[in-house]
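Note that our numbering gives residue 180 to position 180 of the sequence shown, counting from 1, and the numbers run on in steps of one.
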Amino acid sequence: MNYLSHFYMDIDHPDPYFQFGTILPDLIRSVDRKLRIPKSLLLTTDGNDNIQQLSLGCNRHFEVDDLFHNSNFFREHTSQIKTLLYERNLQNPKLKTHLLAHVLLELMLDRLLIKLDITICDRFYVCLKKVEYDNLNILLNKISYYDHQLLCDYLDRFQQSQYLYSYEFNDKIIFALNRIFSRVGINDLLKGYEHDFLNFIEEVEVIIKKDFENMFTTLSKQIAKESPYLKTPH
Numbered sequence: 001m002n003y004l005s006h007f008y009m010d011i012d013h014p015d016p017y018f019q020f021g022t023i024l025p026d027l028i029r030s031v032d033r034k035l036r037i038p039k040s041l042l043l044t045t046d047g048n049d050n051i052q053q054l055s056l057g058c059n060r061h062f063e064v065d066d067l068f069h070n071s072n073f074f075r076e077h078t079s080q081i082k083t084l085l086y087e088r089n090l091q092n093p094k095l096k097t098h099l100l101a102h103v104l105l106e107l108m109l110d111r112l113l114i115k116l117d118i119t120i121c122d123r124f125y126v127c128l129k130k131v132e133y134d135n136l137n138i139l140l141n142k143i144s145y146y147d148h149q150l151l152c153d154y155l156d157r158f159q160q161s162q163y164l165y166s167y168e169f170n171d172k173i174i175f176a177l178n179r180i181f182s183r184v185g186i187n188d189l190l191k192g193y194e195h196d197f198l199n200f201i202e203e204v205e206v207i208i209k210k211d212f213e214n215m216f217t218t219l220s221k222q223i224a225k226e227s228p229y230l231k232t233p234h
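What follows is the structure, encoded as structure tokens:
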């Protein structure tokens with residue numbers, strides 16, 4: 001899942017540090033792809049509740065991703081998008097088509113959440129402002145050496161740009177795809193067929209829109225069985 005979808009899964013959680021933790025593993029990879037937050041993050045927090053909540057939020061991230069990537073929704077829609085990419089001749093020889101379908105599906109879920117209720121995105125950015133960088137530094141230094149200033153600068157830009165709002169627009173979805181895959185050395189992912197891909201995005205949205213809300217509800221119920229404090233968003 002992408003940032004907003006992870007946040008949405010715990011949008012009613014009372015602790016912003018927990019909520020921030022649910023997106024931290026992906027944020028870290030955006031800063032430095034070599035840095036990984038381990039699954040089942042269990043740390044001695046020296047009585048610091050903020051660090052504990054960040055750790056629990058990171059664990060939630062992996063829990064949600066595991067459930068999502070093993071869900072019928074993910075398998076079926078990734079397969080549908082992959083098939084359509086071939087049918088529309090929009091695949092890239094440098095990239096596995098399944099991976100492009102995977103990433104596009106996750107971006108489109110964020111887009112649909114924004115279209116469903118723009119305040120979801122509002123609350124996401126409000127949450128980010130409540131987290132002090134020093135607490136992130138304490139947590140991440142327990143895991144691995146990393147460039148603290150690099151992370152802080154990235155988070156500042158991330159909050160200032162608020163680019164998740166732009167996912168409502170097709171060209172910004174293409175921009176996001178190009179940015180994501182440029183990090184792994186694939187530049188100009190959609191060069192030459194951007195116009196066709198704009199129409200393709202609309203086609204994909206129609207397919208996903210039919211049952212994406214049910215998917216979030218189902219995942220929330222699955223997690224709530226093990227974590228009663230999680231409130232189902234619907």
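Note that CB positions come from ideal geometry on N, CA and C, so glycine has one too.
Exercise for the section: Report the rounded CA-to-CA distance for residue 2 versus residue 30, giving the unit in angstroms. Expected result: 12 Å
Problem - Helix, strand or coil at residue 11 [DSSP, three-state] - result: coil
Handout entry: Three or more C-beta pairs below 8 Å linking the stretch 189 to 200 and the stretch 118 to 136
Key = no
Handout entry: Buried or exposed by the 16-neighbour rule on C-beta atoms within 10 Å, applied to residue 25
Key = buried
Exercise for the section: Provide the residue span of the alpha helix (DSSP H) that contains residue 86, from first to last. Expected result: 72 to 87
Problem - Beta-carbon proximity check, residue 138 vs residue 59, cutoff 8 Å - result: no
Practice task
Could you tell me the boundaries of the alpha helix (DSSP H) in which residue 123 lies?
Solution key: 119 to 129
Practice task
Would you check if the distance between the CB atom of residue 77 and the CB atom of residue 105 is smaller than 8 Å?
Solution key: yes
Exercise for the section: Examine the Cβ distances between the stretch 87 to 96 and the stretch 146 to 153 and report whether three or more of them are shorter than 8 Å. Expected result: no
Problem - Close Cβ partners of residue 65 (< 7 Å) along its chain, the five nearest in sequence each way excluded - result: 1
Exercise for the section: Return yes when the C-beta of residue 209 is under 7 Å from any heavy atom of the ligand SAM, and no when it is not. Expected result: The ligand SAM is absent from the structure shown, which contains no ligand whatsoever.
Handout entry: Burial state of residue 23 (16 or more Cβ within 10 Å)
Key = buried
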